Amino acid sequence: MTEFTSLKTMLHQPEIVLASGVYDALTASLATDAGFRALYLSGASIAYTRLGRPDIGLVTMSEVAETLSLIRDRVATPLIVDADTGYGNALNVQRTVRLFERAGASAIQLEDQSFPKRCGHLQDKSLIPAMEMVGKIKAATDARRNGETLIIARTDAVAVEGFDQAVERAGRYAEAGADVLFVEAPRDEAQLAQITQKLGARLPLMANMVEGGHTPILSKDQLQALGFSLVIFPGGIVRAVAKAAQAFYATLARDGTTDAFRDRMFDFDALNAVIGTPEMLERGRVYEFPTNGPAGKTS
Numbered sequence: 001m002t003e004f005t006s007l008k009t010m011l012h013q014p015e016i017v018l019a020s021g022v023y024d025a026l027t028a029s030l031a032t033d034a035g036f037r038a039l040y041l042s043g044a045s046i047a048y049t050r051l052g053r054p055d056i057g058l059v060t061m062s063e064v065a066e067t068l069s070l071i072r073d074r075v076a077t078p079l080i081v082d083a084d085t086g087y088g089n090a091l092n093v094q095r096t097v098r099l100f101e102r103a104g105a106s107a108i109q110l111e112d113q114s115f116p117k118r119c120g121h122l123q124d125k126s127l128i129p130a131m132e133m134v135g136k137i138k139a140a141t142d143a144r145r146n147g148e149t150l151i152i153a154r155t156d157a158v159a160v161e162g163f164d165q166a167v168e169r170a171g172r173y174a175e176a177g178a179d180v181l182f183v184e185a186p187r188d189e190a191q192l193a194q195i196t197q198k199l200g201a202r203l204p205l206m207a208n209m210v211e212g213g214h215t216p217i218l219s220k221d222q223l224q225a226l227g228f229s230l231v232i233f234p235g236g237i238v239r240a241v242a243k244a245a246q247a248f249y250a251t252l253a254r255d256g257t258t259d260a261f262r263d264r265m266f267d268f269d270a271l272n273a274v275i276g277t278p279e280m281l282e283r284g285r286v287y288e289f290p291t292n293g294p295a296g297k298t299s
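All residue numbers for the sequence shown refer to the numbering used here, where the first residue is 1 and numbers rise by one.
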């Protein structure tokens, strides 16, 4: 595995961190090979791919932890992990932080929605009181064992209480000890700019780009110019894969063969090259016992 700069260090450098969304070890390895310095493990993407269901609080802590551990076994790239609401109260948050940190999370994101939560770009969300979220953030920072593990505090208040209250909540979360602030689903570029103007002097800020969501899609360079330190594109890979898979299945059902789709897919050898099959087989040979010769003799 390649050595990576810690996410904490990257967020205090001038260049914005662009984190691609991933949902399993394969997408994490492909994103790493593409050159991403950080990855984002989305709870929504786990719901979409593991459950085939929407992001409405169905994914459990253990399902995220298992996915996280499999990704970490495959890549060393810094991983931001969506921990939803922490799966309960402040004590549940502490258990989540300990588990995710041991499994390899570089940053753990917590949000101030009530349970069951909803995707940040769905309607009809509800929030816990700001002071309850303050307690969760303090519990999270107390539970971590590594100073490099970051706690990202997300507020969904824009859709529930309004933009000004969302900024107010984010400020309180900064005071509680969060390392990064994330105001979810601002409605336009003006609100994005106000977030950085009001909060940028306090902590690194994260922006979330959701294709078809409430926030306009800006490039990483545009967001860096506004003052953001981190931008995620969390679910784009699932939307791309789902559309490709739908077309693949339609082709196979129609034709009874994959021939018409072959130019849009890896063949057997190409996929094995991408996932490192030859290298792994060679690595395994190091541990094989010789079948003859001095090392194979017994007394």
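No residue lacks a Cβ here, since even glycine has one placed at the ideal position from N, Cα and C. All values reported here derive from a predicted model rather than from experimental measurement.
Euclidean distance between Cα positions of residue i and residue j
{"i": "alanine 185", "j": "glutamate 175", "result": "22 Å"}
{"i": "leucine 68", "j": "glycine 104", "result": "7 Å"}
{"i": "asparagine 272", "j": "serine 126", "result": "46 Å"}
{"i": "histidine 121", "j": "leucine 205", "result": "19 Å"}
{"i": "arginine 102", "j": "leucine 181", "result": "23 Å"}
{"i": "glycine 147", "j": "arginine 98", "result": "13 Å"}
{"i": "valine 64", "j": "asparagine 208", "result": "20 Å"}
{"i": "isoleucine 314", "j": "valine 286", "result": "Outside the shown range of the chain (1 to 299) lies residue 314, about which nothing can therefore be said."}
{"i": "alanine 247", "j": "glutamine 165", "result": "44 Å"}
Under the three-state DSSP convention, the category residue i falls into
{"i": "tyrosine 87", "result": "coil"}
{"i": "threonine 49", "result": "helix"}
{"i": "alanine 19", "result": "strand"}
{"i": "arginine 154", "result": "strand"}
{"i": "isoleucine 217", "result": "coil"}
{"i": "valine 286", "result": "coil"}
{"i": "alanine 103", "result": "helix"}
{"i": "leucine 181", "result": "strand"}
{"i": "glutamine 127", "result": "The displayed chain sequence assigns leucine, not glutamine, to residue 127. Three-state result, leucine 127: strand."}
{"i": "threonine 5", "result": "coil"}
{"i": "methionine 133", "result": "helix"}
{"i": "threonine 196", "result": "helix"}
For residue i, the residue or residues it bridges with in DSSP
{"i": "alanine 207", "result": "Val231"}
{"i": "glutamine 109", "result": "Asp82 and Ile152"}
Span of the beta strand (DSSP E) around residue i
{"i": "aspartate 82", "result": "79-82"}
{"i": "leucine 39", "result": "38-41"}
Residues near residue i in its chain [Cβ-Cβ closer than 6 Å; skip 5 each side]
{"i": "methionine 133", "result": "Asp112"}
{"i": "threonine 141", "result": "Ile151 and Gly177"}
{"i": "tyrosine 87", "result": "Met61 and Thr96"}
{"i": "aspartate 179", "result": "Leu150 and Ile151"}
{"i": "valine 75", "result": "Ala28, Ser29 and Thr32"}
{"i": "glycine 227", "result": "Thr196 and Gly200"}
{"i": "phenylalanine 36", "result": "Ser20"}
Terminal residues of the alpha helix (DSSP H) in which residue i lies
{"i": "leucine 30", "result": "25-33"}
{"i": "aspartate 255", "result": "236-255"}
{"i": "serine 171", "result": "Correcting the residue identity first, residue 171 is glycine in this sequence and not serine. Its alpha helix (DSSP H) spans residues 163-176."}
{"i": "serine 114", "result": "Taken as a continuous stretch (DSSP letters only), serine 114 belongs to no alpha helix (DSSP H), as it is neither H nor E."}
{"i": "alanine 273", "result": "268-275"}
Cutoff 7 Å; reference residue i; Cβ partners in own chain excluding five residues on either side
{"i": "arginine 53", "result": "Ala47"}
{"i": "alanine 90", "result": "Gly135, Lys136 and Ala139"}
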